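Going by my numbering, the letters in the sequence shown line up with residues 80 to 490, in that order.
This report refers to the structure that appears directly beneath it.
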Amino acid sequence: MHSFTQDCSSFLTTPPLPSFIPLVDVRAIAPSEQTGFESSLHGQIQQAIQSVLAQGDYILGRAVIEFELAFASACTSPYGVGVGSGLDAIALGLIACGIKPRDEVLLPANAPISTAMGVVAAGATPVFVDVVLTTGLLDLVAAEKAITPQTRALVPVHQFGQMVSPRQLLDLASTFDLLIFEDATQAHLAEREGYRAGAVGVAAAFCFLPWRNLGGMGDGGMVVTADEGVAQGVRSLRDSGISRRHHHTRLGTCSRLDSIQAAVLSVKLPQLPAWNGDRHCLARHYDHALIHLNLPGITALRNETGRGHSYERYTIRVSDQAVVNAFLLQAMLANQGIQTEMPWGKPCYRQPAFQPYHPSHCPNTDLLSQQALSLPLYPSLSAEQQRRVVQALQSACQTSTRLYSPGHPCG
Ligand SMILES: Cc1ncc(COP(=O)(O)O)c(C=O)c1O
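The following block contains the structure:
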């Protein structure tokens with residue numbers, strides 16, 4: 080005879096919650112049981128911090144100078160100047176490049192907010208330009224149409240590790256006598272057409288937020304340049320306009336990369352090519368899975384750069400042809416313990432802070448803000464975790480097909 084509890088047991092036991100897969104795991108270098116490699120890196124980081132503590136040169140110390148040289152050289156540039164954040168790298172870099180108040184600076188309408196705020200902090204006027212729908216990158220045809228006699232600079236953002244075409248950028252800049260200042264904060268060691276990110280324009284900004292391909296344990300940024308005058312300018316601007324001890328020749332600010340952050344970043348830098356390689360493999364798996372699953376209306380943002388993409392993110396577009404929209408898909412994946420992000424939720428050019436600069440109409444930017452979805456991607460994402468993400472994508476689409484098919488009450 081069946082007891083009540085036996086009959087109801089399947090209802091009383093709740094299925095185990097799936098383990099959480101974050102969009103990015105910034106603790107990837109924490110000591111790990113499984114990989115001696117990660118734990119040895121953790122030990123090296125502790126040693127590097129200890130040596131800064133022992134030296135006591137916490138501000139613009141030896142660790143900063145060493146990291147500036149190493150990172151600039153990894154970007155194939157002679158000079159690197161460490162600053163407090165990516166925003167400051169953009170602002171101080173533009174000023175050091177000679178951008179003056181009210182100069183117009185072209186940038187993509189989906190740029191991160193800090194890019195646009197960096198332009199404004201330099202005293203310039205941001206002019207938002209639409210992006211290419213298939214890549215999310217600055218549309219250089221639209222950029223050309225936005226040029227006026229006041230336009231002085233282009234700030235291409237190498238979004239998610241994919242560079243804007245250096246050849247096309249250089250053509251446009253030389254035709255209209257514009258300066259290129261790259262926002263390479265998401266593109267550490269990315270390459271395209273023989274150029275490394277940061278080596279295309281007069282100067283470039285990087286940041287070292289913990290979730291970047293090369294991330295610190297706090298804030299930090301750098302201006303990288305081949306122009307010694309620009310490097311000197313940023314060195315002065317980051318340190319209250321100093322030119323030599325007790326001598327301040329210009330108005331500056333206080334924005335310096337910490338020695339402790341620089342020491343951490345120096346330990347991690349040699350691993351960056353391998354980590355970028357891991358990201359690349361994971362991205363290839365997502366590419367193949369998307370082709371294999373053949374989910375109508377769901378495509379990856381197009382990779383224009385072949386192997387040069389550094390995949391800071393892997394982002395898909397969920398178009399009107401899909402059985403599900405990006406909002407619903409995000410919720411369905413969250414239900415499976417998978418974190419995703421709509422990266423351009425409210426595009427920069429539509430943010431209230433930028434209303435004074437908002438005459439532009441950028442339909443592709445608006446569409447992508449509703450349709451783009453970034454999937455989990457970081458070097459330590461396991462094959463099993465990635466399989467779960469792909470399966471969850473597939474089952475979300477299957478469930479939606481069933482729910483919205485003709486004949487179903489929701490259809
Ligand atoms: C493309 C881009 N530019 C600039 C920044 C600003 O960096 P930070 O937050 O260090 O100021 C970010 C940060 O998210 C970014 O993604």
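For glycine and all other residues, C-beta sits at the position ideal for the given N, C-alpha and C.
All values derive from a computational prediction rather than experimental measurement.
Can you give the beta carbon distance from residue 358 to residue 380, rounded, assuming they're within the 8 Å contact cut? Walking along the sequence shown from the start, residue 358 turns up at place 279. Walking along the sequence shown from the start, residue 380 turns up at place 301. 15 Å between Cβ atoms; not a contact.
Nearest neighbour of residue 318, chosen from 330, 416 and 453 [CA to CA]: Residue 318 sits at position 239 when you count from the first residue of the sequence shown. The candidate whose alpha carbon is nearest that of residue 318 is 330.
Could you tell me which residues DSSP puts in a beta bridge with residue 453? Here residue 453 refers to the residue found at position 374 when the sequence shown is read from its first residue. As computed with DSSP, residue 453 is found in a beta bridge with 394 and 420.
So which residues touch the region around ligand 1, with touch meaning a C-beta under 6 Å from any heavy atom? 164, 165, 166, 191, 193, 194, 236, 262, 264, 265, 286, 288, 298 and 300
How is the beta strand (DSSP E) around residue 230 delimited, first residue to last? Position 151 of the sequence shown holds residue 230. Looking at the DSSP string, the run of the beta strand (DSSP E) that includes residue 230 is 230-233.
Distance between beta carbons of residue 210 and residue 218, contact taken as under 8 Å: The count along the sequence shown starts at 1 and reaches residue 218 at position 139. The count along the sequence shown starts at 1 and reaches residue 210 at position 131. With 8 Å as the limit, residue 218 and residue 210 qualify as a contact, their Cβ atoms being about 6 Å apart.
Let me confirm a value: residue 187 is counted as buried when at least 16 other C-beta atoms fall within 10 Å, else exposed. Which label applies? Your numbering for residue 187 matches position 108 in the sequence shown. The residue is buried, with at least 16 neighbouring Cβ atoms inside 10 Å.
Assuming residue 140 and residue 451 form a contact by the criterion Cβ under 8 Å, report the distance between their Cβ atoms to the nearest whole angstrom. For this step, residue 140 is matched to residue 61 along the sequence shown. For this step, residue 451 is matched to residue 372 along the sequence shown. Actually they are not in contact, since the Cβ atoms of residue 140 and residue 451 sit about 41 Å apart, beyond 8 Å.
Using a Cβ distance threshold of 8 Å, determine whether the stretch 151-158 contacts the stretch 277-289, with at least three qualifying pairs required. yes
DSSP three-state call for residue 253: helix, strand or coil? Counting from one through the sequence shown, the residue named residue 253 turns up at place 174. Correct three-state label for residue 253: helix.
Can you give the Cα-Cα distance for residue 257 and residue 428, rounded to whole angstroms? Within the sequence shown, residue 257 is the residue found at index 178, counting from 1. Within the sequence shown, residue 428 is the residue found at index 349, counting from 1. Note on geometry: alpha-carbon atoms of residue 257 and residue 428 lie some 22 Å from one another.
Of the choices 362, 373 and 403, whose alpha-carbon is the least far from that of residue 384? Within the sequence shown, the letter at position 305 stands for residue 384. It is 362 whose Cα lies nearest to the Cα of residue 384.
Tell me whether the beta-carbon of residue 76 lies closer than 8 Å to the beta-carbon of residue 392. The structure shown does not extend to residue 76, since the chain is modelled only from 80 through 490, so no value can be given for it.
The beta strand (DSSP E) spanning residue 383 covers which residue range? Here residue 383 refers to the residue found at position 304 when the sequence shown is read from its first residue. First-last for residue 383: undefined, no H or E at that position.
Flag this pair as yes or no: are the beta carbons of residue 345 and residue 149 separated by less than 8 Å? Locating residue 345 in the sequence shown gives position 266, counting from the first residue. Locating residue 149 in the sequence shown gives position 70, counting from the first residue. Yes, the pair counts as a contact, with Cβ atoms nearer than the cut-off.
My parser needs the beta strand (DSSP E) runs of 3 or more residues fully inside the stretch 253-326; what are they? 258-262, 282-286, 300-304 and 321-323
Beta carbon of residue 313 nearer than 8 Å to that of residue 171: Here residue 313 refers to the residue found at position 234 of the sequence shown. Here residue 171 refers to the residue found at position 92 of the sequence shown. It is a contact, given that the beta carbons lie within the stated cut-off.
Could you spell out the range, first to last residue, of the alpha helix (DSSP H) harbouring residue 220? Taking the first residue of the sequence shown as 1, we reach residue 220 at position 141. Boundaries of the alpha helix (DSSP H) harbouring residue 220: 219-224, taken from the DSSP string.
Residues in the same chain with beta-carbon distance under 7 Å from residue 404, minus the five sequence neighbours each way, listed in chain order, please. In the sequence shown, counting from the first residue as 1, residue 404 sits at position 325. Taken in chain order, the residues that qualify are 397.
Helix, strand or coil at residue 163 according to DSSP, with G and I counted as helix: Position 84 of the sequence shown, counted from the start, is the residue given in the question as residue 163. Correct three-state label for residue 163: coil.
Touching by the beta-carbon criterion (3+ pairs, under 8 Å), the stretch 224-236 and the stretch 183-202: yes
Under three-state DSSP, which class holds residue 438? For this step, residue 438 is matched to residue 359 along the sequence shown. Looking at residue 438 - three-state DSSP - the assignment turns out to be coil, as it is neither helix nor strand.
Should the stretch 159-169 be regarded as contacting the stretch 115-135, the criterion being three or more beta carbon pairs within less than 8 Å? no
Who are the Cβ neighbours of residue 128 in its own chain at under 8 Å, not counting the five residues just before and after it? Counting from one through the sequence shown, the residue named residue 128 turns up at place 49. For residue 128, where only same-chain residues beyond five positions count, the Cβ hits under 8 Å are 339, 342 and 343.
Three-state secondary structure (DSSP) at residue 337? As a working mapping, residue 337 is identified with position 258 in the sequence shown. Here residue 337 sits in strand by DSSP.
Proximity to residue 298 [Cα-Cα], best of 262, 287, 320 and 332: To locate residue 298, count along the sequence shown from 1; it is residue 219. Of 262, 287, 320 and 332, the residue nearest in Cα terms is 287.
Taking Cβ positions only, does residue 405 come closer than 8 Å to chain D? The chain inventory of the structure shown lacks chain D, comprising one protein chain alone.
With 16 other Cβ atoms within 10 Å as the buried cut-off, status of residue 176: Here residue 176 refers to the residue found at position 97 of the sequence shown. Burial call: buried.
When we look at the beta-carbon of residue 444 and count the other beta-carbons within 10 Å, is it buried (16 or more) or exposed? Start at 1 with the first residue of the sequence shown, and residue 444 comes out as number 365. With 16 or more other Cβ atoms within 10 Å, it is buried.
Using the Cα positions of residue 193 and residue 449, report the straight-line distance between them to the nearest angstrom. As a first step, residue 193 must be located in the sequence shown, where it is residue number 114. As a first step, residue 449 must be located in the sequence shown, where it is residue number 370. Computed Cα separation, rounded: 21 Å.
Is the CB-CB distance between residue 240 and residue 365 below 8 Å? One-based indexing of the sequence shown puts residue 240 at position 161. One-based indexing of the sequence shown puts residue 365 at position 286. Result no, Cβ atoms of residue 240 and residue 365 do not sit closer than 8 Å.
Quick one: what does DSSP say residue 491 is sitting in, helix, strand or coil? Since the first residue of the chain shown is 80 and the last is 490, residue 491 is not available in this structure.
Could you check how far apart the C-beta atoms of residue 311 and residue 291 are, in whole angstroms? I think they sit under 8 Å. For the purposes of this step, residue 311 is taken as residue 232 along the sequence shown, with counting starting at 1. For the purposes of this step, residue 291 is taken as residue 212 along the sequence shown, with counting starting at 1. Beta-carbon to beta-carbon, residue 311 and residue 291 are separated by about 26 Å, too far to satisfy the 8 Å threshold.
Check residue 89 in the structure and name its three-state DSSP category. One-based indexing of the sequence shown puts residue 89 at position 10. Annotation note: pLDDT 45 at residue 89 (below 50); position unreliable, coordinate value reported separately. Three-state DSSP puts residue 89 in a helix.
For residue 150, name the three-state secondary structure that DSSP assigns. The residue given as residue 150 occupies position 71 in the sequence shown. Here residue 150 sits in helix by DSSP.
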